[in-house]
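So the sequence lines, in the order shown, correspond to chains C and V. Quick note: the first sequence uses this note's numbering, first residue 1, plus one each step. Quick note: the second sequence uses this note's numbering, first residue 1, plus one each step. Glycine residues also receive a C-beta, built at the ideal position from the N, C-alpha and C atoms. These notes are about the structure you will find just below.
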Amino acid sequence: MVTDNSDNWLLRVRGLTKIYGDPISNTIRYTGPKYGTNQCPETDAIVACAEIDFDLFHGEVLGVVGESGSGKSTLVQLLYFDQESTGGDVRFRGFENGDVNLLTVSNQKKRYIRNHLMGMVYQNPRDGLNFKFSAGGNIAEKLLMAGEFHVGRIRDRSSSLLERTEVPVPRMDNAPGSFSGGMQQRVQISKAIANNPPLLFLDEVTTGLDVSVQAKVLDLIRGLQRQLGISMIVVSHDLSVIRMLTDRTMVLKNGRIVEAGLTDQILQDPQHEYTQLLVSSLL
Amino acid sequence: MNPFLEVINLRKEFFLHILNDKKIDALEDINFSMNHGEIIGLTGKSGSGKSSLMKCLYGTYLINEGSVMYDSSQYGKIDLAKATEHEILRIRKKELTYCSQFLQVIPRVPALEIVAEQLIADGVDEGDALEKARSFLNRLGLPEELWDAYPSTFSGGEQQRINVAQAIISEPRFLLIDEPTASLDVRTKDVVIQMILDLKKSGTSVILITHDAYTLANLADRELKLTNGRIEEAEVATA
Chain C
1 MVTDNSDNWL LRVRGLTKIY GDPISNTIRY TGPKYGTNQC PETDAIVACA EIDFDLFHGE
61 VLGVVGESGS GKSTLVQLLY FDQESTGGDV RFRGFENGDV NLLTVSNQKK RYIRNHLMGM
121 VYQNPRDGLN FKFSAGGNIA EKLLMAGEFH VGRIRDRSSS LLERTEVPVP RMDNAPGSFS
181 GGMQQRVQIS KAIANNPPLL FLDEVTTGLD VSVQAKVLDL IRGLQRQLGI SMIVVSHDLS
241 VIRMLTDRTM VLKNGRIVEA GLTDQILQDP QHEYTQLLVS SLL
Chain V
1 MNPFLEVINL RKEFFLHILN DKKIDALEDI NFSMNHGEII GLTGKSGSGK SSLMKCLYGT
61 YLINEGSVMY DSSQYGKIDL AKATEHEILR IRKKELTYCS QFLQVIPRVP ALEIVAEQLI
121 ADGVDEGDAL EKARSFLNRL GLPEELWDAY PSTFSGGEQQ RINVAQAIIS EPRFLLIDEP
181 TASLDVRTKD VVIQMILDLK KSGTSVILIT HDAYTLANLA DRELKLTNGR IEEAEVATA
């Protein structure tokens, strides 16, 4: 169970669904792990994710695992408003005390939530950073969007963020294109947390980095969680990353949650056939 | 008196879809209770179900049948077999510690920081936490030159010392500890035994898995022996 009767949630998601193309009434019914497909048998509709229910608690780190195409990236992109949801109800305590469904608020309010209350780190730094701006400029952009216009304060905040993420501060005025992959990722993390968001999404942030750099990024994320108490949703296909970072995990297949539980339970006593396959394939 | 822990008719099986729905019976008819401040030694051959039982108590394994009534400080009496994930996480954070046989740590974090981490998370001042970690590692005889090194490169015995220190430094209310003395020399073994006895004095209740007769005799109040997933006999240890 990823939902809980207790009232200590920060984010409460019910029935979150994203369908591409034209669904018919049976589209959701005839897709999913039971049928082994995301595609509606009668139309070309693709169910990226459907009927997603979960609660994220204050200060909690929730993992999302699954193979490519399971819907795990879509899930966080819907929550960060990168994509528009087809349906569902999302409550967020950081905004109007969770009294409104985030999916139905105005675009202006969505922009406010994104800029002030959430952060996102993408797998590809090019999705999260503007490569035409300098590293410091990227952080400044996020701070400006969050309503900070004081140049001196922006500059100070940018350098302290880069320091925290171990990016050499003298390189603040260089463009991220001149940085290594690990350093680009750390700039992206600096940018994502610049506005002190209570909620951070991390989508495959260590994928494609070499192992020593991976360890450094993981350690940074864990430190941020411990020291700042940021709640996080961590998407990864790498079970070691999930083991090190998360308290609880949900497993997605064909756009549905097939199993959810304490991370050590998912990894050591998986119940669903797909999770058993996933865990037994671990190197 | 209210028992500290009461395990009633616990049963655990593994159902392996990927091996043609193979069923493995791990534990059956497990019944026992323990008092506050007691140390129970869990013994039995490899594969008899010791670690499985411990993982059922910690919530790593889901329990198929039965209950685990635990007199928690957070919630009072609670059935761990039915507790929510958040209740278990909170109990783990505040009072229940599990120390496995193997050290699993984040790469590139120095030994001393790993040992101090739980204390800092509990709100202890960082300087005090590091000081206590130093004294633990010192007592356990881990050479000082290793304190700022990364444990993934350590020997089995060195890793085990980190593991034990990490588990007991925050004086948990309830400690589950798997083979704490397995790869240690006699002197260090005695230190670990003494450290766990000190914990007991401060009020910790302990379930300990061990193959070592010396550790069992010097540490456990009582032995619980498992054979093929069932409790064979419960007897008072010789200590």
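Cβ closer than 7 Å: which chain C residues qualify as neighbours of residue i?
i: His17(V); result: Glu273, Gln276
i: Tyr75(V); result: Chain C residues near Tyr75(V): none, gap ~11 Å exceeds 7 Å.
i: Lys82(V); result: Going along chain C, no residue has its Cβ under 7 Å from Lys82(V), so there is no contact; the nearest lies around 11 Å.
i: Gly157(V); result: Chain C residues near Gly157(V): none, gap ~24 Å exceeds 7 Å.
i: Gly59(V); result: Leu262, Gln265
If you follow the beta strand (DSSP E) that residue i is in, where does it begin and where does it stop?
i: Val90(C); result: 87–92
i: Leu10(C); result: 9–20
i: Ala146(C); result: Where Ala146(C) is concerned, there is no enclosing beta strand (DSSP E), given that its DSSP letter is neither H nor E.
i: Val169(C); result: Segment: none, Val169(C) is in no beta strand (DSSP E) and carries neither H nor E.
i: Asp99(C); result: Careful: Asp99(C) lies outside any beta strand (DSSP E) and carries neither H nor E.
i: Asn115(C); result: Segment 107–117 is the alpha helix (DSSP H) holding Asn115(C); no beta strand (DSSP E) there.
i: Tyr98(V); result: 96–99
i: Lys253(C); result: 248–253
So which residues on chain V does residue i lean against when the C-beta distance must stay under 9 Å?
i: Arg226(C); result: Glu117, Ile120, Ala121
i: Arg248(C); result: Glu85, His86, Leu89
i: Phe222(C); result: As written in the sequence, residue 222(C) is Arg, which differs from the Phe given in the question. Those are Ile106, Val109, listed as they occur along chain V.
To the nearest angstrom, how far is the alpha carbon of residue i from that of residue j?
i: Gln101(V); j: Leu119(V); result: 21 Å
i: Ser73(C); j: Lys132(C); result: 26 Å
i: Thr238(V); j: Asp219(C); result: Confidence in Thr238(V) is poor, its pLDDT being 47 and thus under 50, which makes the residue's placement unreliable; the coordinate value appears in the next sentence. Spanning the two alpha carbons is a distance of roughly 46 Å.
i: Leu96(V); j: Glu117(V); result: 16 Å
i: Asp212(V); j: Met195(V); result: 17 Å
i: Lys50(V); j: Asp264(C); result: 18 Å
i: Ile209(V); j: Ala121(V); result: 27 Å
i: Ala215(C); j: Ile18(V); result: 32 Å
i: Thr17(C); j: Val251(C); result: 16 Å
i: Met118(C); j: Asn124(C); result: 18 Å
i: Met172(C); j: Arg157(C); result: 12 Å
i: Arg230(V); j: Leu224(V); result: 10 Å
i: Val187(C); j: Leu224(C); result: 14 Å
i: Ser190(C); j: Tyr30(C); result: 43 Å
i: Tyr242(V); j: Ile193(V); result: Lying outside 1 to 239, the shown extent of chain V, residue 242(V) is not represented and no answer is given.
i: Ala48(C); j: Ser70(C); result: 7 Å
i: Gln74(V); j: Glu85(V); result: 14 Å
i: Val68(V); j: Leu62(C); result: 26 Å
i: Met1(C); j: Leu78(C); result: Note that Met1(C) scores 48 on pLDDT, short of 50, meaning its location in the model is unreliable; the coordinates nonetheless yield the value given after this. Cα-Cα distance, rounded: 22 Å.
i: Glu158(V); j: Arg222(V); result: 29 Å
i: Asn107(C); j: Glu84(C); result: 11 Å
i: Phe154(V); j: Ala111(V); result: 10 Å
i: Val65(C); j: Asp190(V); result: 43 Å
i: Val115(V); j: Val109(V); result: 10 Å
i: Arg92(V); j: Arg248(C); result: 13 Å
i: Arg292(C); j: Asp55(C); result: Since the first residue of chain C shown is 1 and the last is 283, residue 292(C) is not available in this structure.
Residues of chain A with CB closer than 9 Å to the CB of residue i, please, in chain order.
i: Phe57(C); result: Of the protein chains in the structure, C and V, none is chain A.
Starting from residue i, follow the alpha helix (DSSP H) in both directions and report where the run begins and ends.
i: Tyr58(V); result: 50–58
i: Phe136(V); result: 126–139
i: Gly156(V); result: 156–168
i: Gly152(C); result: 151–164
i: Val241(C); result: 239–245
i: Arg11(V); result: Element bounds for Arg11(V): not the alpha helix (DSSP H) but the beta strand (DSSP E), 5–16.
i: Val68(V); result: Looking at the DSSP string, Val68(V) is not in any alpha helix (DSSP H); the run it does join, the beta strand (DSSP E), is 65–72.
Mind reading off the beta-carbon distance from residue i to residue j? Whole number of angstroms is fine, and I expect it under 8 Å.
i: Phe81(C); j: Arg114(C); result: 6 Å
i: Val167(C); j: Met183(C); result: 6 Å
i: Leu16(V); j: Gln276(C); result: 6 Å
i: Ser202(V); j: Glu171(V); result: 6 Å
i: Asn9(V); j: Asn31(V); result: 6 Å
i: Ile19(C); j: Ile46(C); result: 7 Å
i: Ala182(V); j: Leu137(V); result: Wrong, their Cβ atoms sit about 19 Å apart, outside the cutoff.
i: Tyr61(V); j: Ser52(V); result: 6 Å
i: Arg173(V); j: Thr204(V); result: 6 Å
Identify the contact partners of residue i in chain V, using a Cβ-Cβ distance below 7 Å as the criterion.
i: Leu218(C); result: Ile106
i: Ala215(C); result: Pro107, Arg108
i: Ser236(C); result: Result: empty, since nearest Cβ-Cβ is about 15 Å, beyond 7 Å.
i: Ser280(C); result: Ile18
Starting from the beta carbon of residue i, find every residue of chain V whose beta carbon is closer than 8 Å, and list them in chain order.
i: Met244(C); result: Ile106
Anything in chain C within Cβ reach of residue i, meaning under 8 Å, just list it in chain order.
i: Val109(V); result: Asp219
i: Lys55(V); result: Gln268, Asp269
i: Leu62(V); result: Gly261, Gln265, Asp269, Gln271
Please confirm whether any heavy atom of the ligand NAP lies closer than 6 Å to the CB of residue i.
i: Gln39(C); result: Among the ligands in the structure shown, none appear at all, so the ligand NAP cannot be discussed.
Those runs of the alpha helix (DSSP H) which lie wholly inside the segment 181–220 of chain V and span at least 4 residues:
186–201, 213–219
Runs of alpha helix (DSSP H) lying entirely within the segment 202–229 of chain C, each at least 4 residues, in chain order
211–228
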